[in-house]
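Down below is the structure, laid out as structure tokens.
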Amino acid sequence: MKIICIGRNYAKHIEELASEKPENPVVFLKPDSAILAKNQPFFIPPFSNNIHYEVEVLVKINKVGKYIDTKFAHKYYDELGLGIDFTARDVQETCKKKGLPWEKAKAFDGSAVIGRFIPKEKLGDLENLAFKLYKNSELVQDGNTNAMLWKIDELIAYVSQFFTLKKGDIIFTGTPSGVGKVSENDNLVGAINEQEMFSIKIK
Ligand code: MG
């Protein structure tokens with residue numbers, strides 16, 4: 420399976436990082452080795468002094484597809500989840516300045532937290548889905564899919580022009596504002612509609 424990630428999909432997050440608003444979705448990949456094993460802590464890697472959390476809504480692809488039309492994209496997923504796109508922000512800043520690829524900052528081991536999934540019919544309006552990240556019980560990211568620049572179905576249509584989607588692939592749909600640094604002993608809890616989707620200890 421592969422993990423396809425979208426960057427810069429929320430205007431306020433683009434502002435907080437002083438990034439440029441893209442004309443098209445920003446897309447990058449994480450390998451399957453990036454997945455943080457279930458119930459395991461996240462270990463801060465030695466190559467970074469500034470690991471950021473980015474909470475994101477996840478889409479699990481349910482069948483193979485290529486050149487998917489936006490109006491049929493809903494047929495390609497039955498479940499949504501929540502996860503974290505851990506980012507070595509210091510490494511990413513260096514890559515951005517030099518115009519280099521982002522993999523070392525985004526695709527390292529443990530950088531993809533994949534929480535549980537919920538059938539989409541149990542979630543109500545997918546274009547008005549509230550999701551949150553708490554750090555040590557404090558609300559740090561307060562998102563809603565209604566603020567996405569590109570909606571889930573548009574993202575599926577866009578990325579499937581470049582990559583054949585396969586059953587089990589996961590799309591990270593971008594983070595809202597409020598990203599920040601993690602430190603040892605932090606605890607991160609993600610929720611959709613106040614239902615807990617994951618809990619991660621930082622080591
Ligand atoms: Mg992200």
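Numbering of the sequence shown is given in this note's numbering, commencing with residue 420 and proceeding in unit increments.
Beta carbons are placed, not taken as given, at the ideal position from N, Cα and C, and that holds for glycine.
Quick caveat, the model's predicted, so the values are computed rather than measured.
- [ ] With a cut-off of 7 angstroms, give the chain-ordered residues whose Cβ is closer than this to any heavy atom of the ligand MG.
- [x] 424, 426, 473, 475, 504, 506, 591, 593 and 594
Task: Check whether residue 591 and residue 502 have beta carbons under 8 angstroms apart - done: yes
Open item on the list: Could you check whether residue 540 and residue 564 sit closer than 8 angstroms to each other, using their CB atoms as the reference points?
Closed with: no
Open item on the list: Let me confirm a value: residue 560 is counted as buried when at least 16 other C-beta atoms fall within 10 Å, else exposed. Which label applies?
Closed with: With 16 or more other CB atoms across the displayed protein chains lying within 10 angstroms of its CB, residue 560 is buried.
Open item on the list: Using C-beta distances below 7 angstroms, list every residue in its chain close to residue 493, excluding the 5 sequence neighbours before and after it, in chain order.
Closed with: For residue 493, where only same-chain residues beyond five positions count, the Cβ hits under 7 angstroms are 572.
Task: C-beta atoms of residue 445 and residue 562 nearer than 8 angstroms - done: no
Open item on the list: I believe residue 594 touches residue 485 by the beta-carbon criterion, under 8 angstroms. Please report the beta-carbon distance rounded to the nearest angstrom.
Closed with: The beta-carbon separation of residue 594 and residue 485, rounded to 27 angstroms, does not stay under the 8 angstroms limit for a contact.
TODO: Out of 608, 467 and 557, point me to the one whose CA is closest to residue 524's CA.
DONE: The residue with the shortest Cα to Cα distance from residue 524 is 467.
Task: Neighbourhood of residue 462 by C-beta distance below 6 angstroms, restricted to the same chain and skipping five residues each side - done: Same-chain partners within the cutoff: 622.
Task: Three-state secondary structure (DSSP) of residue 565 - done: helix
Open item on the list: Going by beta-carbon coordinates alone, are residue 601 and residue 470 separated by less than 8 angstroms?
Closed with: yes
Task: Local conformation of residue 486 per DSSP, three classes - done: In this structure, residue 486 counts as coil in the three-state DSSP scheme.
Task: Unbroken beta strand (DSSP E) run spanning residue 577, endpoints - done: Element bounds for residue 577: not the beta strand (DSSP E) but the alpha helix (DSSP H), 571–578.
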